[in-house]
Structure formats: C-alpha cells, structure tokens
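Here the protein sequences line up with chains A and B, keeping their order. Take 667 as the starting number for the first sequence in the numbering used here and just add one per residue. Take 231 as the starting number for the second sequence in the numbering used here and just add one per residue. We put the beta carbon where it would ideally sit given N, CA and C, even for glycine. Single-structure report; data block below.
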Amino acid sequence: MEYVIEMRNIVKKFAQKEVLKGVNLKVSHGEIFGLLGPSGAGKTTIIKILTGQLQCTEGVSTILGQDTAALTSFVYRKMGMMMDNLGLYERLSCYDNLKLFAKIYDVPQGRISEVLKQVDLAEAAKVPVSKLSKGMRGRLALARAVMNEPELLFLDEPSSGLDPQAVTMIHQLIRKEQKRGAAIFLTTHNMEEAGKLCDHIALLNEGKIVEYGSPKEICLRYNHQNKLQIRLLDGRNVVLPNGKFAADEVKEYLAKEMVETIHSTEPSLETVFMELTGRRFE
Amino acid sequence: MKNMIAIFQKQIKDTLKNKSVLVQFLIFPVMSIIMECSIHIEGMPEHFFANMFAAMYVGMAPLVAMSAIISEEKEKNTLRVLFMSNVKPTEYLAGVGSYIWVICMLGGCVIGISGGYKGAVLLSFLVIVGAGILVSMLIGAAIGTSSKNQMAATSLTVPVMVVFSFLPMLSMFNESIEKIAKITYSQQVSILINGMGKSGVNLENVVIISCNLLAAAVLFGYAYKKSGMT
Ligand SMILES: Nc1ncnc2c1ncn2[C@@H]1O[C@H](COP(=O)(O)OP(=O)(O)O)[C@@H](O)[C@H]1O
Ligand SMILES: [Mg+2]
Numbered sequence: 667m668e669y670v671i672e673m674r675n676i677v678k679k680f681a682q683k684e685v686l687k688g689v690n691l692k693v694s695h696g697e698i699f700g701l702l703g704p705s706g707a708g709k710t711t712i713i714k715i716l717t718g719q720l721q722c723t724e725g726v727s728t729i730l731g732q733d734t735a736a737l738t739s740f741v742y743r744k745m746g747m748m749m750d751n752l753g754l755y756e757r758l759s760c761y762d763n764l765k766l767f768a769k770i771y772d773v774p775q776g777r778i779s780e781v782l783k784q785v786d787l788a789e790a791a792k793v794p795v796s797k798l799s800k801g802m803r804g805r806l807a808l809a810r811a812v813m814n815e816p817e818l819l820f821l822d823e824p825s826s827g828l829d830p831q832a833v834t835m836i837h838q839l840i841r842k843e844q845k846r847g848a849a850i851f852l853t854t855h856n857m858e859e860a861g862k863l864c865d866h867i868a869l870l871n872e873g874k875i876v877e878y879g880s881p882k883e884i885c886l887r888y889n890h891q892n893k894l895q896i897r898l899l900d901g902r903n904v905v906l907p908n909g910k911f912a913a914d915e916v917k918e919y920l921a922k923e924m925v926e927t928i929h930s931t932e933p934s935l936e937t938v939f940m941e942l943t944g945r946r947f948e
Numbered sequence: 231m232k233n234m235i236a237i238f239q240k241q242i243k244d245t246l247k248n249k250s251v252l253v254q255f256l257i258f259p260v261m262s263i264i265m266e267c268s269i270h271i272e273g274m275p276e277h278f279f280a281n282m283f284a285a286m287y288v289g290m291a292p293l294v295a296m297s298a299i300i301s302e303e304k305e306k307n308t309l310r311v312l313f314m315s316n317v318k319p320t321e322y323l324a325g326v327g328s329y330i331w332v333i334c335m336l337g338g339c340v341i342g343i344s345g346g347y348k349g350a351v352l353l354s355f356l357v358i359v360g361a362g363i364l365v366s367m368l369i370g371a372a373i374g375t376s377s378k379n380q381m382a383a384t385s386l387t388v389p390v391m392v393v394f395s396f397l398p399m400l401s402m403f404n405e406s407i408e409k410i411a412k413i414t415y416s417q418q419v420s421i422l423i424n425g426m427g428k429s430g431v432n433l434e435n436v437v438i439i440s441c442n443l444l445a446a447a448v449l450f451g452y453a454y455k456k457s458g459m460t
C-alpha cells in the first residue's frame, strides 16, 4: 500500500445537486494533508466518504488499502476521527466520555489521563460536557480521536471557532501525532493554518481540486510578478525585476547600508486562493 | 461482549443524570408503593394497584426509554462515533437493551413486592412482566431507529405508549374496549397477572403475546433496514 488515502474520480450527487465532480486525491504515510476550500465546497462530504459514512455516486476511494464502501474493523481500529458535530455525551464527564472509548479500544485506563493532559483538560476531567466551552469540547473530541494511537487521523475543521491559544495547542498535538507516525487528513478554511501546518494541501472549489502541492510550491507557482520589493531607510519603495539586471542596484543599496526591508513578491496562499476561487474564505 | 458491557456501564452513568428517562423507570414503582400502602377500600380486588401499575409500567417505561436513548444518540451523533470506533449495531442494541430490561425488571420487582406477591407467585409475575418489557423495548427501538431526532421520536412514542399502557386500565371499565384491547400484549400482561393462581395461562395468551413480539421484531427489522441506525 503506497498511500494511506486514495480517491479516484469521486463524484457525489445529493438528489440533483452534484457536490463533488470528479475528485482525485492521494495522501502518503505520515504526512499532514490539508483540504482547503470555502464553506459549502464539499470538504465534509469528502471526509464522510473516506470514513464510510457516505457512499459516493461514482469513483473509487480507499483508506489504509481498504475500499471505503466496505470498511471493516481492521481499519476502524487504526483510524481516529473528529467531525464538526463532535458526538460527545453531554451528561457524562470528560473522563467518563473517554472511559467508554478506552474500553471499546481496549487501551489501559491510564491512557485517559494521558490524553486529557495532552489537550489540557486534566483539571476538567470530572466536569460534564454540557458545562464545557466550545473550545474545550473540541479538545475533548480530539483527545478521543487520538486515544487509540491511530495510523490515520481525520479532523474536520479542528480549529474553527477556537481562540488562538486553543489553536496553538491543537497544532502542537497534530504535530505530535505526526511524529508518532500518524498521517493526518484535516480540512480548514484557514490559509494561515494550512500554510504552517501542512506538508501538502489541496484546494477544493465547486466540487473539484483546483490546486495541489506543498504550500511553498503553490505560492511559487503563482509568482507571476517575480519582483523584489525593497524599502529603503529614507522611506522610498523600490520595486525591481528579480534577475541579474537588478544585481548592481541591489548591491549598491546594500553596500551603502540603505536597506530597511527586502522581500520577494511571491503571493501568500490567501492571495493565490482568492485568485483561483474569486472569493475570500470566511 | 466487551463493547456491550461498555455500553451497559455508560448507560448506568448516563441515566442517573437523565431525569426524563429516570422518571419513566421510577414513577410506577413509586406510585404502586404509595397506593398499596395507603389505600384500602372494602371489596377492592387483591393486589389491585400493583396489577394495574404493572401493566401500565410494561407498556410505558421500556418503550419510552428505548426510543429516547436511541433517538438522542442519533441526534447527537454519538451513535455514529460508536460505530466508527468499531462497535457493531448488535452490540449497541444488546448493551442498551439489556440495561433497560434489567432496570425495568427491578422496577417490576418493586411493584410486585409492593403488591404483596411472594415466592413462586412473584416469580410468575416477573416472567409475565419480563415478556411484556421485551415487546415494549422492540417497539421503542423501532421508533428510535426510524426517527431522526428526539422530537420526532417523542411525537411517535407518546400516542403509541398511551394506547398500550392505558388500554388495560380502560378495559376494566368498558367491555367493548376490552374486546379490542385483547389483541395487545399489554392487555394480555394485565389478564395474566390478574389471573395468577386462578385462571392460569392458556394458549390464547401465549399466542397473542408471541404475535405481538413477532410484529414488534418485524417492525424493528424494517426500521433498521431503512435507516441503518445512523
Ligand atoms: N445530506 C445532504 N443532502 C443534500 N445536500 C447536502 C448534504 N450534505 C451536504 N450537502 C451539500 O453539499 C455541499 C457541500 O457540503 P459540505 O461537504 O458540508 O461542505 P463543506 O464541509 O466544505 O463546508 C453543500 O452545498 C451542502 O448543502
Ligand atoms: Mg464542513
């Protein structure tokens, strides 16, 4: 098995509405893969197909080498999942929520406190879920998703609606999971997050993958301008072509210690994706 | 088996904090104790309140609890998370079902004892109640499985439960209702309990309860096939 996730020509129709129009995707072992797209693009639908919660209309998809139309316990035991509706037991405490899954996954009870600590919920262990903030609920769902040390982790918008501190913690946990050897498939509409966290990203727009690569590759690909932007200490802004013709001028500024900042003008992921989709993500 | 026990234990903790289900389990046993202890009218049949409440309990508590628990798990998406963690639908149903059956049997025990039943008679009382609980649970499971959320489940549960739990009581006062009510399992439970030590069990009782059980199982099977529990 070369890839942990493969989707080939996936089409999904809801009634007459075609939500996915031939999606192709590959995710390798141990990588953090980000699926980006504006809301309504079909990100959740893709996760649901991959985890066997929905059947696709056409095409073939596999995870961990198994067809997603007929997943078996072999795969269920090796995957973790956090969906947008978290699926927590409201009346049970954080600890009791995890205890149920510790039994189901056959992991020792000690693992419960371990994962609670990892998401900084150790002090809230006895608090019922109904009394938790949105951010805490998200973290609890994440703790449950990594409980069984999955080989493949699905996270549907893990950081949406969370405060910056919680986001940082979630990113740390995701990196830790990667170090342990897990592959992570996450969706987000936050460019900055995707750029920092992901090894590869794919942009989904109107049911199709319109761009794929590492964040850096993608930005470079859209570097149409290919210019250097120099801000001088005297306040002037100089824009030069990025080439040997500019070398003397740049050298001169540097030699005279006139440079305040110097940038290449390659676009950010955000501007690339706005160019591609014609709209701003929210 | 391990998953079934995990669900069973989860359910114990959850119900202690779930007032609307807890009330279902407690109300008739408590009413039965109060009435049996406080009201004695000349010429009233023996075990009157215990028998009446037992039949109502059978038609109400297991049905409402089963449907409420399943539909809530569907609504809150917890059921899906369980299935994606390698819990089989049969394991889930066995866990929740065995839990409700055990609790309702305890409730039945309280009602029986409050009515003054002892020894072998108490045992027959429990066998009859236990069979009735099973039918109610299957009907509740069918409703819970076919409903998208708790609201939808409740709007189906209430009329169904009123019919089954009140028919036995109404039959005491109206003969034409009694004739129709005979084909329901809850009325048969009532007949059997009232006949304990007198008329005993005849084929008709067994056949009707079995038919009810079968019909409820078919109903559940249909609901399960249609919605697949998620
Ligand atoms: N069960 C469904 N029935 C009909 N339409 C659906 C269903 N689920 C999703 N959709 C539609 O599919 C599109 C993609 O939804 P979704 O995958 O949730 O988008 P995203 O997660 O990218 O925001 C939306 O237009 C949504 O309305
Ligand atoms: Mg979504």
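According to DSSP, simplified to helix, strand and coil, what is residue 849/A?
strand
Buried or exposed for residue 452/B, going by 16 or more other Cβ atoms inside 10 Å?
exposed
Out of 909/A, 748/A, 687/A and 731/A, point me to the one whose CA is closest to residue 669/A's CA.
731/A
Identify each residue in the segment 775-800 of chain A for which the Cβ-Cβ distance to at least one residue of chain B is less than 7 Å, and report them in chain order.
none
Taking the straight line between their C-alpha atoms, what separation do you get for residue 414/B and residue 445/B?
11 Å
Under 7 Å Cβ to Cβ from residue 744/A, same chain only, skipping five residues before and after it: list those, please.
So the list reads 730, 816, 817 and 818, once near-sequence residues are dropped.
Please go through the same chain and pick out, in chain order, the residues whose beta-carbon is closer than 8 Å to the beta-carbon of residue 460/B, but skip the five residues on each side of it.
304, 309, 310 and 313
Those runs of the alpha helix (DSSP H) which lie wholly inside the segment 769-801 of chain A and span at least 4 residues
Counting only runs of 4 or more, we get 776-784.
Start and end of the alpha helix (DSSP H) containing residue 919/A?
913-921
Please determine, among 256/B, 431/B and 408/B, the residue with the shortest C-alpha to C-alpha distance to residue 336/B.
Nearest to residue 336/B by alpha-carbon distance, out of 256/B, 431/B and 408/B, is 256/B.
Meets three-Cβ-pair contact criterion under 8 Å: the segment 281-296 of chain B and the segment 735-749 of chain A
no
Show which residues of chain A have a CB atom less than 7 Å away from the CB atom of residue 314/B.
717, 742 and 747
Opening and closing residue of the beta strand (DSSP E) in which residue 691/A lies
683-694
For a contact meaning CB atoms closer than 9 Å, what does residue 758/A contact in chain B?
240, 243, 244 and 247
Given the structure, does residue 705/A come close to ligand 3, in the sense that its CB is under 8 Å from one of the ligand's heavy atoms?
Of the ligands one can find in the structure shown, namely ligand 1 and ligand 2, none is ligand 3.
Quick check: residue 685/A and residue 671/A, are their CB atoms within less than 9 Å of each other?
no
I'd like the ranges of any alpha helix (DSSP H) spanning at least 4 consecutive residues and lying wholly in the segment 306-375 of chain B.
DSSP assignment within the segment 306-375 of chain B yields the following whole alpha helix (DSSP H) runs of 4 residues or more, N-terminal first: 308-314 and 319-344.
Whose Cβ in chain A lies nearer than 7 Å to the Cβ of residue 311/B?
753
Compare the beta carbon distance of residue 903/A and residue 893/A with 9 Å and say whether it is the shorter of the two.
no
Exposed or buried, residue 349/B, counting other C-beta atoms within 10 Å across all chains shown (16 or more means buried)?
exposed
At a cut-off of 8 Å, would you count residue 710/A as near ligand 2, judging by its Cβ distance to the nearest heavy atom?
yes
Give a single yes or no on whether residue 1036/A has its beta carbon closer than 8 Å to a heavy atom of ligand 1.
This structure cannot settle anything about residue 1036/A, because the visible part of chain A is limited to 667 through 948.
Assuming contact is defined by CB atoms lying nearer than 9 Å, are residue 710/A and residue 679/A in contact in what I supplied?
no
Please list, in chain order, the chain A residues whose beta carbon lies closer than 8 Å to that of residue 308/B.
Within 8 Å Cβ-Cβ: 753, 754 and 755.
Using beta carbons (cut-off 9 Å, strictly below), is residue 489/B in contact with chain A?
Not covered by the structure: residue 489/B. The range shown for chain B is 231 to 460.
Any Cβ of chain B within less than 9 Å of the Cβ of residue 771/A?
The beta carbon of residue 771/A sits closer than 9 Å to some beta carbon of chain B.
Between the segment 721-733 of chain A and chain B, which residues of the former have CB atoms less than 9 Å from a CB of the latter, in chain order?
For the segment 721-733 of chain A, there are no residues whose beta carbon sits under 9 Å from a beta carbon of chain B.
Hey, how far is the Cα of residue 404/B from the Cα of residue 398/B?
10 Å
Buried or exposed: residue 379/B, going by 16 or more other Cβ atoms within 10 Å of its Cβ?
Classification for residue 379/B: exposed.
In whole angstroms, what separates the C-alpha of residue 406/B from that of residue 682/A?
53 Å
Please decide whether residue 317/B counts as near chain D, where near means a Cβ-Cβ distance under 9 Å.
In the displayed structure, chain D is absent; the protein chains listed are A and B.
Quick check on DSSP: helix, strand or coil for residue 723/A?
If DSSP states are grouped into helix, strand and coil, residue 723/A belongs with coil.
Using beta carbons (cut-off 9 Å, strictly below), is residue 233/B in contact with chain A?
Yes, its Cβ sits closer than 9 Å to a Cβ of chain A.
How big is the Cα-Cα spacing for residue 439/B and residue 354/B?
15 Å
Report, in whole angstroms, the separation of the C-beta atoms of residue 277/B and residue 346/B, which I expect to be a contact under 8 Å.
6 Å
Contacts around residue 280/B, its chain only, beta-carbon distance under 8 Å, and the 5 residues preceding and following it disregarded
262, 266, 341, 342, 344, 345, 346 and 347
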